[in-house]
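S.K.: A single structure is presented below for examination.
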Amino acid sequence: MWFKCFIEGENFPGELIGEKSPVGFYVTRYIEAASAEEAQEMAITNLRNEESLKLPEGVQPSKEAKVYFESIEEVSSSDLPENNVGFTFYVMGT
Numbered sequence: 004m005w006f007k008c009f010i011e012g013e014n015f016p017g018e019l020i021g022e023k024s025p026v027g028f029y030v031t032r033y034i035e036a037a038s039a040e041e042a043q044e045m046a047i048t049n050l051r052n053e054e055s056l057k058l059p060e061g062v063q064p065s066k067e068a069k070v071y072f073e074s075i076e077e078v079s080s081s082d083l084p085e086n087n088v089g090f091t092f093y094v095m096g097t
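Under the numbering used here, the residues of the sequence shown are numbered 4 to 97, in order.
Shown next as C-alpha cells:
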C-alpha cells in the first residue's frame with residue numbers, strides 16, 4: 004500500500020536555509036508501507052536522512068524542533084508523483 008504523508012516541521016535551526024530565526028517546513032512524502040503507522044515511522048526515518056535537513060557543520064540541533072503529521076492517507080500507486088522531493092520552508096512567526 005502507498006500512503007501520502009503531509010508533514011509539518013517546526014522550530015528547526017534557521018541555518019538550514021540561511022536564516023537567523025528558527026524555521027518550519029511543509030513536505031509531502033509518499034511511502035510504501037503495510038499500514039499508516041508504519042508509513043509514519045518510515046517517513047520520520049527518511050526525513051532524518053534528507054539532505055535538505057542536514058545541519059551545517061557546527062550548528063547544533065534544536066531541542067524545540069518537532070514534526071507533526073497533518074494527514075496520512077492511503078493512495079493508489081497511479082496517484083504517485085514523478086518526484087518525491089522538495090520542502091517548503093518558512094520563518095517561524097511569519
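Where a beta carbon is used, it is the ideal one built from N, C-alpha and C, also for glycine.
Can you name the residues that DSSP bridges to K69?
M.R.: Taking the first residue of the sequence shown as 1, we reach residue 69 at position 66. DSSP output for K69 lists E13 as bridge partner(s).
S.K.: Considering only DSSP beta bridges, list what R32 is partnered with.
M.R.: Residue 32 sits at position 29 when you count from the first residue of the sequence shown. Paired residue(s): C8.
S.K.: I want to know whether the stretch 61-68 touches the stretch 33-53 - three or more CB-CB distances under 8 Å.
M.R.: The stretch 61-68 is not in contact with the stretch 33-53.
S.K.: For my contact list, F92 and I10 are in at a C-beta cut-off of 8 Å; report their separation, rounded to the angstrom.
M.R.: Here residue 92 is taken as the residue at index 89 of the sequence shown, counted from 1. Here residue 10 is taken as the residue at index 7 of the sequence shown, counted from 1. The Cβ separation is near 13 Å, so there is no contact.
S.K.: Which term fits R32, buried or exposed, when burial requires 16 or more other beta carbons within 10 angstroms of its beta carbon?
M.R.: Residue 32 sits at position 29 when you count from the first residue of the sequence shown. Buried, by the Cβ-count rule.
S.K.: Cα separation between E77 and E85?
M.R.: As a position in the sequence shown, residue 77 is number 74, starting the count at 1. As a position in the sequence shown, residue 85 is number 82, starting the count at 1. Cα-Cα distance, rounded: 17 Å.
S.K.: What did DSSP end up calling I20 once you bin it into helix, strand or coil?
M.R.: Position 17 of the sequence shown, counted from the first residue, corresponds to residue 20. Coil.
S.K.: Just grab the DSSP bridge partners of F3 for me.
M.R.: An answer regarding residue 3 cannot be provided, because it is not within the stretch 4 to 97 covered by the chain.
S.K.: Output the boundary residues of the alpha helix (DSSP H) element that contains Q43.
M.R.: Residue numbering aside, residue 43 sits at position 40 when the sequence shown is read from its first letter. Segment A39 to R51, the alpha helix (DSSP H) holding Q43.
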